[in-house]
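Participant: Once you've had a glance at the structure underneath, I'll fire off some questions.
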Amino acid sequence: MGLCLGTEVTEEEKKARVYSAKIDRDLYEHAKREMNVVKILLLGAAESGKSTLVKQMKIIHSNGFSKQELSSFKPAVLDNLLTSMKFVLHGMGILRINLANSRNKVHAHSVLSCGRCFDEDQVLFPFVAHALTCLWVDQGVRTAAARGYEYELNDSALYFFDNMSRITSLDYVPTETDVLRVRLRTTGVIETQFKVNHLIFRMYDVGGQRSERRKWISCFEDVRAVLFVVSLSGYDMSLVEDPSMVQCAHRQQPITDHVMFMLWRCVFAEPAAGEHEAILFNLQQCLLPQHVNDFIHEQNRPVSRQDFTLESTPAPVSAAIQRCGL
């Protein structure tokens with residue numbers, strides 16, 4: 001007579017099966033949630049406006065910045081204000097513009113020799129605040145600042161100068177507009193998440209400097225699209241990392257010879273990038289009028305303003321990218 005021998009399941013095996021089933025459920029739920037997630041990778045040259053775009057999305061779609069988050073930007077705003085004034089003072093030498101009030105030389109020296117402009121409590125040093133205020137009322141400084149495009153003063157400098165009295169006050173807390181204007185170098189990969197209707201968007205902001213670009217390739221996994229950001233206001237401005245290279249198109253060189261297009265070709269030549277949709281996003285169009293006027297004034301031949309309308313400016317940029325054949 002045969003015996004039916006059953007296999008007895010041990011307690012450890014039972015626990016293992018329960019644990020395995022839990023993992024399967026978690027993976028299923030994760031996959032289900034990910035179906036409504038749209039991952040977008042932001043790429044572009046340094047100072048193209050990627051981080052500003054991310055901050056705008058946070059303000060519009062993710063309840064903006066908390067008071068604590070706004071306060072965390074105070075050191076950066078103060079540093080931007082000081083750095084911008086230093087840049088203007090150096091620009092005065094380039095443009096051969098003198099201080100209107102010779103007494104402001106001591107304030108110019110104070111600003112140029114100052115490495116850090118605030119104390120441990122993030123309060124602006126009084127002598128720095130006084131020096132900045134005196135310099136900004138100097139007509140020579142204002143003239144040089146107004147001609148900042150000639151020595152590539154950053155786009156936010158005039159904004160911070162115009163708001164100097166508020167920014168230098170003891171109780172200063174950055175506003176959302178201040179946060180949008182502040183310049184901070186992006187290092188590594190910064191993720192920002194927000195929800196639009198039933199979709200969750202995750203935007204990955206990667207530093208645009210050359211030293212950061214090697215990190216881009218590792219970010220392409222599961223990305224729905226690549227948003228390539230171009231600063232239209234930088235078409236005739238050189239890169240901070242390499243003054244010999246301009247950001248976009250230049251006045252006397254073919255548009256596709258420049259760093260923005262070389263960067264586009266470099267990125268989308270990668271096999272990992274070629275599998276994704278590419279979106280060209282033109283930023284800072286509002287800053288074009290001054291650049292267009294400068295171009296027209298520099299020509300030695302008659303130039304029609306109709307050839308350089310703001311509405312038509314993005315077209316050659318898009319067309320040039322299409323000619324890259326990628």
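Okay, so the sequence shown: first residue is 1 according to full-length UniProt numbering, each after it adds one.
Note that CB positions come from ideal geometry on N, CA and C, so glycine has one too.
Does the segment 136-144 come into contact with the segment 39-47, if we say contact requires no fewer than three beta-carbon pairs (one atom in each stretch) closer than 8 Å?
Facilitator: No: fewer than three Cβ pairs fall under 8 Å.
Participant: Who are F194's beta bridge partners in DSSP?
Facilitator: Taking the sequence shown and counting its residues from 1, the one referred to as residue 194 is at position 194. Answer by DSSP bridge pairing, in chain order: F201.
Participant: Assuming the contact rule is C-beta atoms closer than 8 Å, V194 and S62 should be a hit. Round their C-beta distance to whole Å, please.
Facilitator: Taking the first residue of the sequence shown as position 1, residue 194 is located at position 194. Taking the first residue of the sequence shown as position 1, residue 62 is located at position 62. Per the sequence presented here, residue 194 reads as Phe, with Val not at that position. Contact holds; Cβ gap of about 4 Å.
Participant: For A157, report the span of its alpha helix (DSSP H) as first-last.
Facilitator: Stepping through the sequence shown from its first residue, residue 157 is reached at position 157. Note, A157: alpha helix (DSSP H), A157 to D162.
Participant: Using the three-state DSSP reduction, which class does V137 fall into: helix, strand or coil?
Facilitator: Locating residue 137 in the sequence shown gives position 137, where the first residue counts as 1. Correct three-state label for V137: coil.
Participant: Counting C-beta neighbours from all protein chains within 10 Å, is the total for L115 16 or more, i.e. buried, or is it exposed?
Facilitator: Start at 1 with the first residue of the sequence shown, and residue 115 comes out as number 115. In the sequence on display, residue 115 carries Gly and not Leu. Exposed.
Participant: With DSSP run on the structure shown, which of helix, strand or coil describes S169?
Facilitator: Within the sequence shown, the letter at position 169 stands for residue 169. Coil at S169, not helix or strand.
Participant: Which two residues bound the contiguous beta strand (DSSP E) that contains I59?
Facilitator: Taking the first residue of the sequence shown as position 1, residue 59 is located at position 59. Per DSSP, I59 belongs to no beta strand (DSSP E); it is in the alpha helix (DSSP H), K50 to H61.
Participant: Comparing C-alpha positions only, which one of M164, G188 and G93 sits nearest to H130?
Facilitator: What you label residue 130 is simply residue 130 of the sequence shown in a count that begins at 1. Measuring from the Cα of H130, the nearest candidate turns out to be M164.
Participant: Could you tell me whether the segment 174-188 touches the segment 117-130, using the rule of 3 or more Cβ pairs below 8 Å?
Facilitator: No, the segment 174-188 does not touch the segment 117-130.
Participant: Which residue's Cα is closest to the Cα of G93: F161, G49, L81 and G140?
Facilitator: Within the sequence shown, the letter at position 93 stands for residue 93. G93 has its Cα closest to that of G140, out of F161, G49, L81 and G140.
Participant: Who are the Cβ neighbours of V123 in its own chain at under 7 Å, not counting the five residues just before and after it?
Facilitator: Taking the first residue of the sequence shown as position 1, residue 123 is located at position 123. Within the same chain, V123 has close Cβ partners L170.
Participant: Starting from A225, follow the beta strand (DSSP E) in both directions and report where the run begins and ends.
Facilitator: The residue given as residue 225 occupies position 225 in the sequence shown. Unbroken beta strand (DSSP E) run through A225: A225 to S231.
Participant: With distances taken between CB atoms, is the gap from S72 to V173 smaller than 7 Å?
Facilitator: Here residue 72 refers to the residue found at position 72 of the sequence shown. Here residue 173 refers to the residue found at position 173 of the sequence shown. No.
Participant: Taking the alpha-carbon of S66 as reference, which of T192, E176, D138 and I279 has the nearest alpha-carbon?
Facilitator: Position 66 of the sequence shown holds residue 66. Ranking the options by Cα distance to S66, first place goes to E176.
Participant: Count the other CB atoms, across all protein chains shown, that sit within 10 Å of the CB of S102; report buried if there are 16 or more and exposed otherwise.
Facilitator: Numbered from 1 along the sequence shown, position 102 holds the residue referred to as residue 102. It counts as exposed.
Participant: Answer with buried or exposed for L27, where buried requires no fewer than 16 other C-beta atoms within 10 angstroms of its C-beta.
Facilitator: Taking the sequence shown and counting its residues from 1, one reaches residue 27 at position 27. That one is exposed.
Participant: With DSSP collapsed to three states, give me the class of F125.
Facilitator: Residue mapping note: residue 125 aligns to position 125 of the sequence shown, counting from 1. If DSSP states are grouped into helix, strand and coil, F125 belongs with coil.
Participant: Here's the rule I'm using: 16 or more other beta-carbon atoms within 10 Å means buried, otherwise exposed. How should A100 be labelled?
Facilitator: In the sequence shown, counting from the first residue as 1, residue 100 sits at position 100. With fewer than 16 other Cβ atoms within 10 Å, it is exposed.
Participant: What three-state label does DSSP hand V18 in the structure shown?
Facilitator: The sequence position of residue 18 within the sequence shown is 18, counting from 1. The answer is helix: DSSP assigns V18 an H, G or I state.
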